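J.: Let me begin by handing over the structure; questions about it come next.
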Amino acid sequence: MIPPIPTLQEYGLSPNFGFLPNVDPVARISSPYYEPWEKVADSLPELIRTKTVRGVIDALPMLSLYHLEGEGERRRAYVVLGFLTHAYVWAGDEPAECLPATISAPLLELSDHFEIPPVATYATVCLWNYHSLNPHQRKDLLSNLRTITTFTGTHDESWFYLISVAIEARGAASIPIMLRAIAAARENDADTVIRALTMFADHITDLGELLDRMDEGCHPNVFYFQIRPFLAGSKNMEDSGLPRGVSYEDRAGNRSWQKYSGGSNAQSSLIQTFDIILGVEHRQTGERKNPSAEQLQGTAPPAQNNFIQNMRSYMPGSHRRFLEHLTTVANIKDYANAHADNLALTAAYNNALRALAHFRTIHVQMVTRYIILPSSAEKKRIAALAAASSTIGANNNNKQRLPQGMALDEPRQGLARDEASRKGLKGTGGTQLIPFLKQARDETTEPAIGEAPSLAPPSAAGVKRPQRVARPQRVARTPTDFARSCNVNEFEDLNPGFVGLAGAWSAADDAGGLCHS
Numbered sequence: 020m021i022p023p024i025p026t027l028q029e030y031g032l033s034p035n036f037g038f039l040p041n042v043d044p045v046a047r048i049s050s051p052y053y054e055p056w057e058k059v060a061d062s063l064p065e066l067i068r069t070k071t072v073r074g075v076i077d078a079l080p081m082l083s084l085y086h087l088e089g090e091g092e093r094r095r096a097y098v099v100l101g102f103l104t105h106a107y108v109w110a111g112d113e114p115a116e117c118l119p120a121t122i123s124a125p126l127l128e129l130s131d132h133f134e135i136p137p138v139a140t141y142a143t144v145c146l147w148n149y150h151s152l153n154p155h156q157r158k159d160l161l162s163n164l165r166t167i168t169t170f171t172g173t174h175d176e177s178w179f180y181l182i183s184v185a186i187e188a189r190g191a192a193s194i195p196i197m198l199r200a201i202a203a204a205r206e207n208d209a210d211t212v213i214r215a216l217t218m219f220a221d222h223i224t225d226l227g228e229l230l231d232r233m234d235e236g237c238h239p240n241v242f243y244f245q246i247r248p249f250l251a252g253s254k255n256m257e258d259s260g261l262p263r264g265v266s267y268e269d270r271a272g273n274r275s276w277q278k279y280s281g282g283s284n285a286q287s288s289l290i291q292t293f294d295i296i297l298g299v300e301h302r303q304t305g306e307r308k309n310p311s312a313e314q315l316q317g318t319a320p321p322a323q324n325n326f327i328q329n330m331r332s333y334m335p336g337s338h339r340r341f342l343e344h345l346t347t348v349a350n351i352k353d354y355a356n357a358h359a360d361n362l363a364l365t366a367a368y369n370n371a372l373r374a375l376a377h378f379r380t381i382h383v384q385m386v387t388r389y390i391i392l393p394s395s396a397e398k399k400r401i402a403a404l405a406a407a408s409s410t411i412g413a414n415n416n417n418k419q420r421l422p423q424g425m426a427l428d429e430p431r432q433g434l435a436r437d438e439a440s441r442k443g444l445k446g447t448g449g450t451q452l453i454p455f456l457k458q459a460r461d462e463t464t465e466p467a468i469g470e471a472p473s474l475a476p477p478s479a480a481g482v483k484r485p486q487r488v489a490r491p492q493r494v495a496r497t498p499t500d501f502a503r504s505c506n507v508n509e510f511e512d513l514n515p516g517f518v519g520l521a522g523a524w525s526a527a528d529d530a531g532g533l534c535h536s
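Take 20 as the starting number for the sequence shown in the numbering used here and just add one per residue.
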């Protein structure tokens with residue numbers, strides 16, 4: 020029996036918003052009972068900056084989930100507790116191994132409810148952590164979006180999350196289009212499949228344009244040294260001070276050690292939807308394609324034990340089940356192969372693969388700018404400090420000055436410190452970055468029909484690319500001048516001073532001892 024094609028509604032999804040909620044996420048829990056949580060979330064940037072966040076969280080009362088009204092408030096509670104959890108673990112000179120029961124117990128219960136780990140996932144920081152200035156305007160317009168909660172209070176952190184929100188919103192329309200294409204393939208309606216693939220490729224190209232706007236509002240150094248540390252999980256964090264992971268306590272007083280990946284864009288159900296629809300198969304990093312593998316008829320490739328597959332467990336349960344259902348009906352790859360003599364069909368399929376591969380190329384380039392280059396610069400900084408320290412230590416009367424802008428102090432904590440001593444960089448999900456990303460990109464074009472896989476940008480493959488919009492100029496700033504509005508359509512620095520969640524605060528680039536890997 021042929022399985023039915025999934026409907027979006029049965030998994031709580033929307034043809035207009037995809038994996039985003041049908042209505043904007045709740046910005047604040049309505050009951051005053053939960054004000055202790057919300058007040059800490061409001062003040063999180065200042066508490067982190069002053070290194071007082073752990074003491075404040077330790078003093079929180081144990082709260083029940085009974086007074087939460089509906090799924091929206093339960094999502095908000097999960098978001099708040101996820102942010103508090105990561106702030107507690109990473110906002111010190113050394114990571115905290117044991118979470119207080121006042122945040123871990125309710126978070127564990129919400130984790131069970133949503134079938135998602137008790138950490139700050141992609142859903143925490145992106146899917147359930149935004150609101151629209153005008154609910155009647157499109158959710159893919161960055162000027163219409165704001166974040167609700169952040170670790171740093173910076174414009175950069177808001178922009179980083181909202182780029183993903185806009186991608187989710189703009190990519191939502193692709194899902195019903197390709198579900199109709201699956202139905203058309205069952206009816207041997209090649210024209211409908213071709214039209215759907217053409218629209219699909221154009222949509223993915225639009226998403227690449229959105230992703231490429233990251234540098235408009237998020238500076239690489241701010242991301243690397245201030246934002247990224249808080250997105251780390253507890254898996255593969257032995258070198259960062261979490262050899263056993265993190266200890267969670269439930270309401271009964273039982274403690275258990277857990278190791279979880281941190282927030283990662285690999286936890287986006289939208290991108291995995293694209294892979295499933297096109298029949299893209301991902302393998303373990305470093306594993307080569309098996310040319311003798313049998314092709315499945317009428318289904319997507321079997322799930323393998325790799326990082327991308329593992330990230331499904333970090334998606335809300337309903338999203339994960341949608342992907343599982345979609346896998347059983349995905350047939351576009353097989354249909355295109357079975358009709359390889361239809362040149363328009365194979366061209367449309369190959370162009371869709373190229374568009375998705377080009378999206379991943381943009382991601383690789385972004386990771387290089389935002390992680391690889393700052394890490395390399397930090398290694399050089401540490402080496403220069405070590406050399407200068409050795410010279411000065413040999414002669415206490417030595418008046419030699421360090422290079423301009425470099426202080427003789429301890430190396431930066433956490434991410435930069437740990438990665439400076441490692442051969443390979445890891446993502447917040449705990450996987451080796453560049454080899455993983457490049458392999459995922461290369462695997463995207465492997466199913467191409469009648470030609471060698473190509474990584475050419477979609478413009479060279481015949482996919483229409485939208486006209487680029489002129490980008491606003493970023494305001495020049497010094498390493499110690501980060502004061503920024505959380506309004507994502509503003510680019511002028513504000514006067515420093517903490518003014519709550521949507522306010523701003525200034526801090527040195529190396530302020531705080533943030534641990535990450």
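Positions of the beta carbon are idealized from the N, C-alpha and C atoms, including for glycine. Since we're looking at a predicted model, the values are computed, not measured.
(1) Given a threshold of 16 other Cβ atoms within 10 Å of its Cβ, counted over all protein chains shown, does Y149 qualify as buried or as exposed?
(2) Starting from the C-beta of W147, find all residues in its chain whose C-beta is less than 6 Å away, skip the five residues before and the five after it, and write them out in chain order.
(3) On the premise that K352 lies in contact with G298, defined as a C-beta separation below 8 Å, what is that separation, rounded to the nearest angstrom?
(4) So if DSSP puts C117 in a beta bridge, which residue, or which two residues, is it bridged to?
(5) Could you give the distance in angstroms between the alpha-carbon of V108 and the alpha-carbon of I381?
(6) Alpha carbon to alpha carbon, how far is P310 from A467?
(7) Between the beta-carbon of A374 and the beta-carbon of T365, is there less than 8 Å?
(8) Nearest CA to the CA of A271: which residue from A407, A202, A120?
(9) Would you grab the beta carbon distance between A191 and P34 for me? Rounded to a whole angstrom, and I think it's under 8 Å.
(10) Per DSSP, what kind of secondary structure is Q156 in: helix, strand or coil?
(11) Please confirm if the stretch 189-204 is in contact with the stretch 117-135, defined as three or more CB-CB distances below 8 Å between the two stretches.
(12) What span of residues does the beta strand (DSSP E) with S151 cover, start to end?
(13) If we count Cβ pairs, one from each stretch, closer than 8 Å, do we get three or more for the stretch 136-145 versus the stretch 177-185?
(14) Verify whether the separation of the beta carbon atoms of I246 and F293 is less than 8 Å.
(15) Tell me the rounded alpha-carbon separation between S280 and Y333.
(16) Along the chain, where does the alpha helix (DSSP H) that runs through L103 open and close?
(17) Based on DSSP bridge pairs, tell me the residues matched to W276.
(18) Going by DSSP, what residue range makes up the alpha helix (DSSP H) through R214?
(19) Residues in the same chain with beta-carbon distance under 7 Å from I213, minus the five sequence neighbours each way, listed in chain order, please.
(20) I need the boundaries of the alpha helix (DSSP H) containing R373, first residue and last residue.
(21) Classify N163: buried if its beta carbon has 16 or more other beta carbons within 10 angstroms, exposed otherwise.
(22) Terminal residues of the continuous alpha helix (DSSP H) containing L164?
(23) Can you give me the Cβ contacts of F133 inside the same chain, cut-off strictly under 7 Å, excluding the 5 residues immediately before and after it?
(24) Could you compute how far the alpha carbon of A406 sits from the alpha carbon of E397?
(25) So the candidates are R340, F36, A285; which of them puts its Cα closest to the Cα of Q156?
(26) Would you call D159 buried or exposed, if buried means 16 or more other Cβ atoms sit within 10 Å of its Cβ?
(27) Hey, how far is the Cα of A502 from the Cα of T173?
(28) I'd like the span of the alpha helix (DSSP H) that includes P55, first residue to last.
(29) Using only CA atoms, which one of F242, E128, A115, P137 lies nearest to E176?
(30) Buried or exposed for R263, please, with buried defined as at least 16 other CB atoms from any protein chain shown within 10 angstroms of its CB.
(31) What whole-angstrom Cβ distance do T104 and L126 have, given they're in contact under 8 Å?
(32) Residue range of the alpha helix (DSSP H) that T292 falls in?
(33) With 16 other CB atoms within 10 Å as the buried threshold, where does E257 fall?
(34) Hey, E57 and I48 are a contact pair by Cβ (cut 8 Å); roughly how many whole angstroms apart?
(35) Excluding the 5 residues preceding and the 5 following G469 in the sequence, name in chain order all residues of the same chain whose CB lies nearer than 7 Å to its CB.
(36) Helix, strand or coil for Q423, going by three-state DSSP, please let me know.
T.: A quick look at the data gives this:
(1) buried
(2) P44, R94, V98
(3) Yes, G298 and K352 are in contact; Cβ-Cβ is about 3 Å, under 8 Å.
(4) S266
(5) 31 Å
(6) Caution applies to P310, whose pLDDT of 48 falls short of 50 and renders its modelled position unreliable; the value that the coordinates give is listed next. For P310 and A467, the gap between their C-alpha atoms comes out near 14 Å.
(7) When the beta-carbon positions are compared, A374 and T365 stay at least 8 Å from each other.
(8) A120
(9) 7 Å
(10) If DSSP states are grouped into helix, strand and coil, Q156 belongs with coil.
(11) no
(12) 149-151
(13) yes
(14) no
(15) 8 Å
(16) 89-109
(17) S266
(18) Per DSSP, the unbroken alpha helix (DSSP H) holding R214 starts and ends at 209-230.
(19) Here the set comprises A363, L364, A367.
(20) Unbroken alpha helix (DSSP H) run through R373: 362-386.
(21) buried
(22) Looking at the DSSP string, L164 is not in any alpha helix (DSSP H); the run it does join, the beta strand (DSSP E), is 164-166.
(23) In its chain, beyond the 5 residues on either side, Y97, P335, G336 have a beta carbon closer than 7 Å to the beta carbon of F133.
(24) Here the alpha carbons of E397 and A406 stand approximately 14 Å from one another.
(25) F36
(26) buried
(27) Here the model assigns A502 a pLDDT of 33, short of 50, so the residue's position is not dependable, and the following value carries that caveat. Taking C-alpha positions only, A502 is separated from T173 by approximately 7 Å.
(28) 54-61
(29) F242
(30) exposed
(31) 6 Å
(32) 288-297
(33) exposed
(34) So it is a contact: roughly 6 Å between Cβ atoms.
(35) A359, T365
(36) Here Q423 scores only 45 on pLDDT, less than 50, and its place in the model is too uncertain to base an answer on.
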